[in-house]
Amino acid sequence: MSTVLLQQGINGVVLGSLYVLVALGLTLIYGVLVQINFAHADVVTIGAFAAYFFTFTFGGNYLASIAVALLVGAILGWLVNAAIFAPLRERGSELLPLIATIGVSVLLQNVMLLWFGPIPYAFDSPYSNQVIRLWGGTFITGQNLIIIVVSTLTIALLYAFMKFTFMGKALRAVAQDRETAGLMGINPNHLIMLTFVIASALAGMGGAMLGPILVLTPFAGTTVIVKAFAIVIIGGFGNVEGTIIAGLLVGLIESYTTQFVNPGLIDIVVFTLLLMMLAFRPTGLIAEKREENV
Amino acid sequence: MSSRDHTELANPFDRSSVSRRWWLLGAIVTIGLLPLVFQDSYWRTNLIVCALNVMLAIGLDFILGYAGQLNLGHSAFYGIGAYVSTLVITKLGLPFWVAFLCGIVLAGAAGMALSMFAVRLRGHYLAIASLGFAVIVHQVLVNWISLTQGPLGIYGIKPPPEIALPGLPVISFGNSANMFYLVAGFALLFYVLLDQLVRSPIGETLTAIREDEVSASSLGINCPAWKVFAFGAGSAVAGAAGAFYASSVGTLVPDAFIITESFTILAMVIVGGMGTLIGPVWGAILLTVLPEVLRGFGDLRLVLYGAALTLVVLFMPGGIVQAAQIVRAQFDRLRARLEAG
Numbered sequence: 001m002s003t004v005l006l007q008q009g010i011n012g013v014v015l016g017s018l019y020v021l022v023a024l025g026l027t028l029i030y031g032v033l034v035q036i037n038f039a040h041a042d043v044v045t046i047g048a049f050a051a052y053f054f055t056f057t058f059g060g061n062y063l064a065s066i067a068v069a070l071l072v073g074a075i076l077g078w079l080v081n082a083a084i085f086a087p088l089r090e091r092g093s094e095l096l097p098l099i100a101t102i103g104v105s106v107l108l109q110n111v112m113l114l115w116f117g118p119i120p121y122a123f124d125s126p127y128s129n130q131v132i133r134l135w136g137g138t139f140i141t142g143q144n145l146i147i148i149v150v151s152t153l154t155i156a157l158l159y160a161f162m163k164f165t166f167m168g169k170a171l172r173a174v175a176q177d178r179e180t181a182g183l184m185g186i187n188p189n190h191l192i193m194l195t196f197v198i199a200s201a202l203a204g205m206g207g208a209m210l211g212p213i214l215v216l217t218p219f220a221g222t223t224v225i226v227k228a229f230a231i232v233i234i235g236g237f238g239n240v241e242g243t244i245i246a247g248l249l250v251g252l253i254e255s256y257t258t259q260f261v262n263p264g265l266i267d268i269v270v271f272t273l274l275l276m277m278l279a280f281r282p283t284g285l286i287a288e289k290r291e292e293n294v
Numbered sequence: 295m296s297s298r299d300h301t302e303l304a305n306p307f308d309r310s311s312v313s314r315r316w317w318l319l320g321a322i323v324t325i326g327l328l329p330l331v332f333q334d335s336y337w338r339t340n341l342i343v344c345a346l347n348v349m350l351a352i353g354l355d356f357i358l359g360y361a362g363q364l365n366l367g368h369s370a371f372y373g374i375g376a377y378v379s380t381l382v383i384t385k386l387g388l389p390f391w392v393a394f395l396c397g398i399v400l401a402g403a404a405g406m407a408l409s410m411f412a413v414r415l416r417g418h419y420l421a422i423a424s425l426g427f428a429v430i431v432h433q434v435l436v437n438w439i440s441l442t443q444g445p446l447g448i449y450g451i452k453p454p455p456e457i458a459l460p461g462l463p464v465i466s467f468g469n470s471a472n473m474f475y476l477v478a479g480f481a482l483l484f485y486v487l488l489d490q491l492v493r494s495p496i497g498e499t500l501t502a503i504r505e506d507e508v509s510a511s512s513l514g515i516n517c518p519a520w521k522v523f524a525f526g527a528g529s530a531v532a533g534a535a536g537a538f539y540a541s542s543v544g545t546l547v548p549d550a551f552i553i554t555e556s557f558t559i560l561a562m563v564i565v566g567g568m569g570t571l572i573g574p575v576w577g578a579i580l581l582t583v584l585p586e587v588l589r590g591f592g593d594l595r596l597v598l599y600g601a602a603l604t605l606v607v608l609f610m611p612g613g614i615v616q617a618a619q620i621v622r623a624q625f626d627r628l629r630a631r632l633e634a635g
């Protein structure tokens with residue numbers, strides 16, 4: 001029993017760290033722009049497909065394909081900002097950019113459906129069959145180890161970037177007060193672009209690592225993104241630490257629900273938690289200093 | 295009120311109450327003629343789908359365009375209406391019209407309950423809460439197999455009972471023309487009701503809340519209560535559409551009410567022009583009929599919806615209504631120039 005508990009705990013952390021990668025992108029964009037990018041889901045999907053084609057069609061290395069997906073994600077992020085968010089920024093509407101990115105998402109999914117078809121792609125990572133034995137009868141596959149190491153490193157790097165570099169500080173300054181940051185000689189438009197590039201690079205990379213776990217179809221990203229939305233709300237929108245904790249929490253909920261209850265109930269459990277959070281603690285797990293989010 | 299003058303100017307379809315009466319007459323005549331023009335069952339089915347989509351779109355527009363709340367869970371209220379009305383007939387053995395009312399009431403109540411959760415929060419939170427709600431409802435429909443039969447679906451749902459009035463031929467809703475008259479009649483009824491509502495002081499209250507909630511509440515408006523009301527009313531209309539969907543299609547599967555369905559309804563509202571009631575009607579008709587006309591191009595329906603949604607938000611945020619306005623302004627200018635010689 002304790003072996004099962006531990007094993008599912010490991011699986012939950014693996015899944016959770018991928019959710020964190022995807023959800024961090026959403027939370028970064030929300031922090032700077034107070035906008036939701038629905039097309040984030042498709043950056044995940046396209047990242048997964050990019051990694052798939054790089055590995056299987058062009059015979060590339062799987063680890064290199066994660067970098068490829070990161071690059072593809074970064075380009076997509078730049079495009080989404082340039083095509084949708086930048087033109088709509090002047091209009092100052094709260095909901096129009098979200099609606100436009102829903103359109104982008106529906107468009108991308110169905111174009112992918114035309115190209116790639118509805119049949120799931122078998123994305124077998126070469127590391128999925130390598131098993132590393134751990135204590136007490138538990139184990140971790142090579143693929144899952146890669147996921148944990150790569151996402152932990154990425155999150156740590158991002159954290160260091162935000163805390164210690166000038167760009168990171170400028171980014172947080174823009175998130176706190178765009179106009180004042182502008183007066184200090186920071187160009188908010190450049191930083192917003194940078195945020196989209198970083199956020200989408202994380203999503204693309206998350207997609208490359210989710211590919212072997214998910215059922216890889218053009219709609220794969222949507223199942224991830226709805227959970228990522230739940231995570232950013234549970235963690236508190238724009239709150240990086242909260243997002244990390246909530247992401248791991250949702251990953252654990254998912255793996256324990258699969259083991260002990262019924263895999264069909266995962267979404268019900270996660271979103272009931274989301275609605276409860278909205279009702280009783282809308283600032284998220286960690287209370288934010290910025291009250292205007294609510 | 296000046297705000298009313300403003301809407302009169304903004305909407306080229308809508309000038310005075312006299313012309314509104316003519317529009318209504320025109321709509322009734324058009325509804326009457328349509329099944330006579332389209333005799334084959336394929337197009338008659340599409341007519342019914344059109345009427346259902348009109349109902350869904352005006353319900354969503356009331357929530358989004360008038361009360362300013364982005365509801366991404368409209369598919370859930372549609373599904374609640376469909377399943378509740380069907381289950382009330384099959385499990386409880388109650389007559390169709392009682393079941394129909396149950397569907398409306400439960401969908402409306404669910405909408406009110408959901409908006410109570412998020413009513414104090416910013417628009418984005420409601421959008422995500424409603425998205426989450428849609429996911430929950432869909433998963434419940436899939437997993438509660440003893441009640442909904444899950445993905446296997448419910449088959450053989452009967453059309454509404456026939457109406458036998460003395461001295462008149464029996465009206466059977468197994469006939470697609472009669473079913474269309476019924477659904478379109480209700481769509482028109484809901485349109486007129488919502489139209490009356492947005493023209494009343496309630497409509498102005500909602501618009502005030504949408505434009506500036508802080509100012510509205512400083513005027514003594516109970517903003518949360520009105521937002522919950524608008525959400526409930528719009529969801530109730532979706533519930534009615536659901537009940538008609540079940541009884542006209544005859545089959546129910548949970549996948550008819552996935553989130554994508556919410557997005558297609560959203561596309562109809564945006565393409566038509568949110569914040570006007572007539573816009574979403576045209577949006578629903580256009581986005582239902584156009585993919586059928588373009589059938590030869592394969593499964594482009596949702597590609598079209600996505601592209602339309604994005605492009606309209608970017609370049610013509612007022613949708614068809616704004617486009618019509620521009621065309622009319624150009625036409626007036628041309629006529630003025632011609633008259634001037």
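Residue numbers (the working numbering), protein chains in the order written: chain A, 1 to 294; chain B, 295 to 635. C-beta: ideal position from N, C-alpha, C; glycine also.
Can the beta-carbon of residue i be found closer than 8 Å to that of residue j?
i, j, result
"Gly359 of chain B", "Gly569 of chain B", "yes"
"Cys517 of chain B", "Ala510 of chain B", "yes"
"Ala423 of chain B", "Leu408 of chain B", "yes"
"Ala51 of chain A", "Ala208 of chain A", "yes"
"Ala160 of chain A", "Ala173 of chain A", "no"
"Ile29 of chain A", "Thr243 of chain A", "no"
"Gly73 of chain A", "Gly31 of chain A", "no"
"Pro453 of chain B", "Met473 of chain B", "yes"
"Tyr539 of chain B", "Leu346 of chain B", "yes"
"Met193 of chain A", "Asn81 of chain A", "yes"
"Val305 of chain A", "Gly247 of chain A", "This structure leaves residue 305 of chain A out entirely; chain A is present only between 1 and 294."
"Ala618 of chain B", "Met610 of chain B", "no"
"Leu295 of chain A", "Ser128 of chain A", "Nothing in the structure corresponds to residue 295 of chain A, since chain A is present only between 1 and 294."
Looking at the C-beta of residue i, does it have a partner C-beta in chain B at a distance below 8 Å?
i, result
"Leu275 of chain A", "yes"
"Ala175 of chain A", "no"
"Val111 of chain A", "yes"
"Pro282 of chain A", "yes"
"Glu94 of chain A", "yes"
"Ile234 of chain A", "no"
"Phe229 of chain A", "yes"
"Gly264 of chain A", "yes"
"Phe56 of chain A", "no"
Can a CB atom of chain A be found closer than 8 Å to the CB of residue i?
i, result
"Phe557 of chain B", "yes"
"Asn437 of chain B", "yes"
"His418 of chain B", "yes"
"Val615 of chain B", "no"
"Val575 of chain B", "no"
"Tyr599 of chain B", "yes"
"Pro611 of chain B", "yes"
"Phe411 of chain B", "yes"
Near residue i, which residues of its chain fall below 7 Å by C-beta distance, leaving aside the five closest residues on each side in sequence?
i, result
"Ser556 of chain B", "Leu366, Gly367, His368, Ser369 and Ala428"
"Glu254 of chain A", "Gly12, Leu15 and Ile266"
"Ile140 of chain A", "Ile10, Ile132 and Leu134"
"Gly25 of chain A", "His40, Ala199, Ser200, Leu202 and Ala203"
"Pro188 of chain A", "Val174, Arg178, Ala181 and Gly182"
"Arg298 of chain B", "Note that Arg298 of chain B scores a pLDDT of 41, beneath 50, so its modelled location is shaky and nothing firm can be said."
Out of the options, which has the shortest C-alpha to C-alpha gap to residue i?
i, options, result
"Ile374 of chain B", "B:Gly405, B:Ile564 and B:Leu596", "B:Gly405"
"Ala122 of chain A", "A:Phe49, A:Leu248 and A:Val240", "A:Phe49"
"Ile231 of chain A", "A:Leu273, A:Thr217 and A:Asn144", "A:Leu273"
"Leu594 of chain B", "A:Arg172, A:Ala173 and A:Leu108", "A:Leu108"
"Gly236 of chain A", "B:Ser512, B:Leu415, B:Val583 and B:Gly402", "B:Leu415"
"Ile451 of chain B", "B:Asp355, B:Ala578 and B:Ser542", "B:Ser542"
"Ala23 of chain A", "A:Leu76, A:Gly251, A:Gln7 and A:Pro263", "A:Gly251"
Report all residues from its chain with a CB closer than 8 Å to the CB of residue i; omit the five preceding and five following residues, and keep chain order.
i, result
"Val399 of chain B", "Ala530 and Gly533"
"Val575 of chain B", "Val348, Ala351, Ile352, Tyr485 and Gly566"
"Leu603 of chain B", "Phe557, Leu560, Ala561, Ile564 and Val565"
Leaving out the 5 sequence neighbours to the left and right, which residues in its chain are closer than 6 Å to residue i when beta-carbon positions are compared?
i, result
"Ala393 of chain B", "Ser379, Val382 and Ile383"
Please tell me whether residue i has its Cβ less than 8 Å away from any Cβ of chain E.
i, result
"Leu441 of chain B", "Note that chain E does not occur in the displayed structure, where the protein chains are A and B."
Answer yes if the stretch 441-454 of chain B comes into contact with the stretch 273-288 of chain A, meaning at least three C-beta pairs across the two stretches below 8 Å, and no otherwise.
no
Would you call the stretch 89-107 of chain A and the stretch 559-578 of chain B touching, i.e. three or more CB-CB distances under 8 Å?
yes
Check whether the stretch 90-101 of chain A and the stretch 28-36 of chain A are in contact - that is, three or more C-beta pairs closer than 8 Å.
yes
Inter-stretch contact (C-beta, 8 Å, three-pair minimum) for the stretch 334-350 of chain B and the stretch 499-510 of chain B:
no
Contact between the stretch 534-553 of chain B and the stretch 434-445 of chain B is defined here as three or more beta-carbon pairs at a separation below 8 Å; is this criterion met?
yes
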